[in-house]
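Chains as they are written, first to last, in my numbering: chain A, 142 to 438; chain B, 6 to 286; chain C, 84 to 335.
Every residue gets a Cβ at the ideal spot worked out from N, C-alpha and C, and that includes glycine.
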Amino acid sequence: MDSGPATSRAIEVRHHWREFCVAVAVWVAATSVICVLIWILADIAIRGLAEVNFGFLIEDVQDAGRVGGIGPIILSTGLILLVCLVVAVPLSFGTAIALTERLDKESWFARNVRRSLDVLAGVPSIVFGLFGNAFFAIALGLGYSILSGGLTLACMVLPILIRTSEQAIRAVPAEYRYAAAALGMKRTTILFRVVLPVAMPALAAGVVLSIGRALAETAALIFTSGYVARTPESLLDSGRSLSVHIYDLAMNVPGGGSKAYATACVLVVLLLAINAATALLLRLAGLHNRSTTGGSL
Amino acid sequence: MRSDQSLTIITRALAVISAAIVLLIVLFLLRESTPALRQLGWSRFFTDASWHPLSGQFNLTPMIVATLVTSSGAIVIAAPLGIGSAVFVNFYAPRRLAAWHRRLIELLAGIPSVVFGLWGLVVLAPIIATFGGSGQNLLTATIVLGLMVLPTVALLSDTAIAALPREWIQGAAALGMGRSAIVGWIVLPGARRGIGGGIILALTRALGETMAVLMLAGNIVEMPSSLLSPGRTLNANIALELGYASAGHRSVLFVSGLMLMLVVSVIVLFVSRREGTRRDG
Amino acid sequence: MITTENLCVSYNGRTVLRDATIEAKPGSILGLVGPSGCGKSSFLAALNRLTEIIPGASVSGRIQFDGQDIDTAFPSSVELRRHIGMIFQKPNPFAMSIRRNLELPLREHGIHDRQHLGQICESVLRDVGLWDEVSTRLDQSALNLSGGQQQRLCIARAIAIKPQVLLMDEPCSSLDPMSAERVEQLIDSMRGQYTILIVTHNLAQARRLSDQITIFWTEDGVGRIIEQGDTETVFNETSNAIVDSYLTGRKG
Ligand SMILES: Nc1ncnc2c1ncn2[C@@H]1O[C@H](COP(=O)(O)OP(=O)(O)OP(=O)(O)O)[C@@H](O)[C@H]1O
Ligand SMILES: [Mg+2]
Numbered sequence: 142m143d144s145g146p147a148t149s150r151a152i153e154v155r156h157h158w159r160e161f162c163v164a165v166a167v168w169v170a171a172t173s174v175i176c177v178l179i180w181i182l183a184d185i186a187i188r189g190l191a192e193v194n195f196g197f198l199i200e201d202v203q204d205a206g207r208v209g210g211i212g213p214i215i216l217s218t219g220l221i222l223l224v225c226l227v228v229a230v231p232l233s234f235g236t237a238i239a240l241t242e243r244l245d246k247e248s249w250f251a252r253n254v255r256r257s258l259d260v261l262a263g264v265p266s267i268v269f270g271l272f273g274n275a276f277f278a279i280a281l282g283l284g285y286s287i288l289s290g291g292l293t294l295a296c297m298v299l300p301i302l303i304r305t306s307e308q309a310i311r312a313v314p315a316e317y318r319y320a321a322a323a324l325g326m327k328r329t330t331i332l333f334r335v336v337l338p339v340a341m342p343a344l345a346a347g348v349v350l351s352i353g354r355a356l357a358e359t360a361a362l363i364f365t366s367g368y369v370a371r372t373p374e375s376l377l378d379s380g381r382s383l384s385v386h387i388y389d390l391a392m393n394v395p396g397g398g399s400k401a402y403a404t405a406c407v408l409v410v411l412l413l414a415i416n417a418a419t420a421l422l423l424r425l426a427g428l429h430n431r432s433t434t435g436g437s438l
Numbered sequence: 006m007r008s009d010q011s012l013t014i015i016t017r018a019l020a021v022i023s024a025a026i027v028l029l030i031v032l033f034l035l036r037e038s039t040p041a042l043r044q045l046g047w048s049r050f051f052t053d054a055s056w057h058p059l060s061g062q063f064n065l066t067p068m069i070v071a072t073l074v075t076s077s078g079a080i081v082i083a084a085p086l087g088i089g090s091a092v093f094v095n096f097y098a099p100r101r102l103a104a105w106h107r108r109l110i111e112l113l114a115g116i117p118s119v120v121f122g123l124w125g126l127v128v129l130a131p132i133i134a135t136f137g138g139s140g141q142n143l144l145t146a147t148i149v150l151g152l153m154v155l156p157t158v159a160l161l162s163d164t165a166i167a168a169l170p171r172e173w174i175q176g177a178a179a180l181g182m183g184r185s186a187i188v189g190w191i192v193l194p195g196a197r198r199g200i201g202g203g204i205i206l207a208l209t210r211a212l213g214e215t216m217a218v219l220m221l222a223g224n225i226v227e228m229p230s231s232l233l234s235p236g237r238t239l240n241a242n243i244a245l246e247l248g249y250a251s252a253g254h255r256s257v258l259f260v261s262g263l264m265l266m267l268v269v270s271v272i273v274l275f276v277s278r279r280e281g282t283r284r285d286g
Numbered sequence: 084m085i086t087t088e089n090l091c092v093s094y095n096g097r098t099v100l101r102d103a104t105i106e107a108k109p110g111s112i113l114g115l116v117g118p119s120g121c122g123k124s125s126f127l128a129a130l131n132r133l134t135e136i137i138p139g140a141s142v143s144g145r146i147q148f149d150g151q152d153i154d155t156a157f158p159s160s161v162e163l164r165r166h167i168g169m170i171f172q173k174p175n176p177f178a179m180s181i182r183r184n185l186e187l188p189l190r191e192h193g194i195h196d197r198q199h200l201g202q203i204c205e206s207v208l209r210d211v212g213l214w215d216e217v218s219t220r221l222d223q224s225a226l227n228l229s230g231g232q233q234q235r236l237c238i239a240r241a242i243a244i245k246p247q248v249l250l251m252d253e254p255c256s257s258l259d260p261m262s263a264e265r266v267e268q269l270i271d272s273m274r275g276q277y278t279i280l281i282v283t284h285n286l287a288q289a290r291r292l293s294d295q296i297t298i299f300w301t302e303d304g305v306g307r308i309i310e311q312g313d314t315e316t317v318f319n320e321t322s323n324a325i326v327d328s329y330l331t332g333r334k335g
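Structure below.
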């Protein structure tokens, strides 16, 4: 360049400065995010683990949760999840199959189903709570019950479960279908004998992921499954989920902090396990979540 | 092929059910909010003297303002950190670290909002309280909300950046452009649509979040005068009052739910339309 | 101008090019030919340290620029790439206006004066014969240009920052014959002003363009140089049987 050595030197210094500042900013942003995450997890672990033992997991809730354990809570949570999955899984798999019917192009039908699912995915959880309360609890007369809560959660996890199932089905190489079709198999047979078995790990990953979402949910449950902390006797009984329990202890029960932390600890451990299971299943399915690219420049 | 046909019919029927849920939600929100809308009309939610549902005063404005303040504040926090994270994993981090960073961000995305709320209540609020007040105020809520929606920005920006043509980056490098220049001039402008989509999606998440804000914002219905004043968002209001609300009051709560639903849906549809146009050309 | 000694390139520990020793004379055109996968692109990428941004790539051996090791000659890769430009197989203009495409690297190298920028843009566009075609639409997107125009724009962009060396990786191979010929003429006209290293699969083109030629070959999956010298000499009287059959189209 026709600028003299002095100016080119100055430019270089300026470049170095800029590189340095941007690099520092990016590193600071990335590390601070990770530090906060570690801070939260460590906080939960340190304050929570002290209270967690086997007794805590099975004992009844006493004195509004200040003493005792979370046995009934775990049971209710499990039942809510069960209801949620029993409804959501068939609905999602069916929808996913319908959406992947034509692999080449998006049909009018598929496009609109997907659009409405996009909207459903964006619905605030408190709105699910309102809806569940008005529809399941009152209009259908299920009251504050595990059934209402589970059904509300089913509506909530539907979009994510459908999306993951769809991806799982699409990820099955088209050659498998062609090969099967060339053998004269019917579409139904191809689907159940060839496509779904191959897609199974990825489908399972989607289910596990949805369980994670459902476990984390609070707002949609307060006014559907309610907050009765007793052991539920049937699906029509109200039952309190882990997350609602944490909320209640933290906000409404003076002195409930340590048990809230213990419950949070249980919940986070469950979610970590779910996270690991999803990753494992996806790896089994050969669907790496693209975490190996990137690097330097 | 009878079974093929029944398969098509059954799966389509299931798809229709899935798609109809959203309509059902809108329907029920409308049905429940009709009494309030009919008796009060839209304007009273903005013109009433205050929020005293028991004495028939239904001014939602302070809560709408609090919702908007916390959500937009959350974006102000989440956007730079999220985009920074995405740039970090794509251009600054050693490969190993990049993989770990992505995993941790996904983990952050999976932490339940009550746990964020609990942490905010016990750890963050006392720190914020040193600026005055109880620590349960809009600032605390905004910070935690920002952390919660950050993974959305980070993951979507990451995807958008990783999808950029390698040739652009190599071409820019071959022209002697430094790393920061490539990021600033080529990468961020090139990925702006995806990054923008991530930010908008994060905004809908923030608008829709209830628990963390409920636990942290202080829940006093008043026009916020600063970030350090307590406030109550629409979501939190529903969560607090639906339990005991009767008749007209309950209906007003559904109106506020309807508002949230409409705002979020419009944003989502806008984004999905925008993405549709991109896919077509 | 540019010499290498025992240059080796490997990806994730797998060596793809071994012991490449070449010398590119100032102002001359050096042709690099050889069958696909023998490491020509990797070789070029090592010269301007573009291997740094290719995940898993590593380079060993010596590269000298004007008799100086490139590590000591240039304080940073950025500085190095200012002196050694590169043209890719696929034209890669940025998704911006034609003008921005040219100005961005210039601004990056410290030229901010509007008028000066305009002068440089015009002169490099004239150099690559694009001025008459685009002078009226400098502010339209560069992606609207034809492939050949895009490639010439990329060459203009590269020479705007006045490098001494230009690395070209099959610059004509994604272009239609007319555009390819246009770009070939352009490269020919640049002889003497720049030291050019050009990879091509078109042997006739290599023969027309290059002053010296280097022939790469793959043995056991590892690329190696098996012949080099003045182009005409190599084409007419090589003693290497493989080279002979490759050049006459019987192999490779
Ligand atoms: N980014 C990369 N990661 C891993 N291996 C690579 C990478 N790029 C190239 N290789 C391998 O290095 C070897 C040489 O590749 P290179 O692109 O240099 O060959 P080439 O001579 O330019 O071939 P062509 O004429 O087809 O362009 C090939 O075996 C290729 O598979
Ligand atoms: Mg090549």
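Paired residues, beta bridge with residue i - DSSP
i: residue 180/A; result: Paired residues: none, contrary to the question.
i: residue 130/B; result: None, per the DSSP bridge assignment.
i: residue 251/C; result: 170/C and 281/C
i: residue 223/B; result: 236/B
i: residue 94/C; result: 97/C and 140/C
i: residue 57/B; result: 62/B
i: residue 299/C; result: 308/C
i: residue 381/A; result: None, per the DSSP bridge assignment.
i: residue 209/A; result: 202/A
i: residue 183/C; result: According to DSSP, residue 183/C bridges with nothing at all.
i: residue 111/B; result: Bridge partners of residue 111/B: none, in fact.
i: residue 88/C; result: 145/C
i: residue 151/C; result: 148/C
Endpoints, the beta strand (DSSP E) within which residue i is located
i: residue 145/C; result: 140-148
i: residue 169/C; result: 167-170
i: residue 114/C; result: 112-116
9 Å Cβ cutoff met for residue i and residue j
i: residue 177/C; j: residue 128/C; result: no
i: residue 106/B; j: residue 92/B; result: no
i: residue 372/A; j: residue 201/A; result: yes
i: residue 41/B; j: residue 259/B; result: yes
i: residue 144/B; j: residue 232/B; result: yes
i: residue 281/C; j: residue 289/C; result: yes
i: residue 295/A; j: residue 229/A; result: yes
i: residue 174/C; j: residue 233/C; result: yes
i: residue 240/B; j: residue 179/A; result: no
Enclosing alpha helix (DSSP H) for residue i [first to last residue]
i: residue 338/A; result: 337-357
i: residue 108/C; result: Neither: residue 108/C is in no alpha helix (DSSP H) and is coded neither H nor E.
i: residue 27/B; result: 7-45
i: residue 156/B; result: 143-167
i: residue 400/A; result: 398-425
i: residue 273/C; result: Run containing residue 273/C: none; DSSP gives neither H nor E here.
* Members of the segment 176-193 of chain B that neighbour chain C once the beta carbon cut-off is set at 8 Å -> Residues passing the 8 Å Cβ filter: 176, 177, 178, 179, 180, 181, 182, 183, 186, 190 and 191.
* Are the segment 56-72 of chain B and the segment 226-234 of chain B touching, with three or more C-beta to C-beta distances below 8 Å? -> At 8 Å Cβ cutoff, the stretches touch.
* chain B contacts from the segment 339-359 of chain A (Cβ-Cβ distance under 8 Å) -> Across the segment 339-359 of chain A, CB contacts with chain B closer than 8 Å involve 353, 356, 357, 358 and 359, in sequence order along the chain.
* To do: Quick one: which residues of the segment 147-162 of chain A get their C-beta closer than 9 Å to a C-beta of chain C? List them in chain order.
  => Flagged, chain order: 148, 149, 151, 152, 153, 155, 156, 157 and 160.
* Asked: Okay, do the segment 152-159 of chain B and the segment 192-212 of chain B touch, 3+ Cβ pairs below 8 Å being the bar?
  -> By the Cβ test, the segment 152-159 of chain B is in contact with the segment 192-212 of chain B, since at least three Cβ pairs between them sit closer than 8 Å.
* To do: Count the C-beta pairs between the segment 316-333 of chain C and the segment 208-222 of chain C that are closer than 8 Å, then say yes if the count reaches three, no if not.
  => No, the segment 316-333 of chain C is not in contact with the segment 208-222 of chain C.
* Mind the definition here: the segment 241-252 of chain B touches the segment 297-305 of chain A only if three or more C-beta pairs lie below 8 Å; say whether that holds. => Contact fails: fewer than three Cβ-Cβ distances are below 8 Å.
* Asked: How about the segment 181-197 of chain B and the segment 106-118 of chain B: do they share at least three Cβ pairs that are nearer than 8 Å?
  -> No, the segment 181-197 of chain B is not in contact with the segment 106-118 of chain B.
* Anything in the segment 156-167 of chain C with a Cβ closer than 9 Å to a Cβ of chain A? List those residues in chain order, please. => Correct list: 158, 159, 161, 162 and 165.
* chain B contacts from the segment 183-209 of chain C (Cβ-Cβ distance under 8 Å) -> Answer set for the segment 183-209 of chain C: 187, 188, 191 and 192.
* Asked: At a Cβ cut of 7 Å, what residues of the segment 193-208 of chain B count as close to chain C, listed as they run along the chain?
  -> Result list: 195.
* Check whether the segment 278-293 of chain A touches the segment 358-367 of chain A, counting contact only when three or more Cβ pairs, one atom from each stretch, lie closer than 8 Å. => Enough Cβ pairs lie closer than 8 Å, so yes.
* Asked: Taking three-plus beta-carbon pairs below 8 Å as touching, is the segment 9-17 of chain B in contact with the segment 380-391 of chain A?
  -> No: the two stretches stay apart, fewer than three of their Cβ pairs being nearer than 8 Å.
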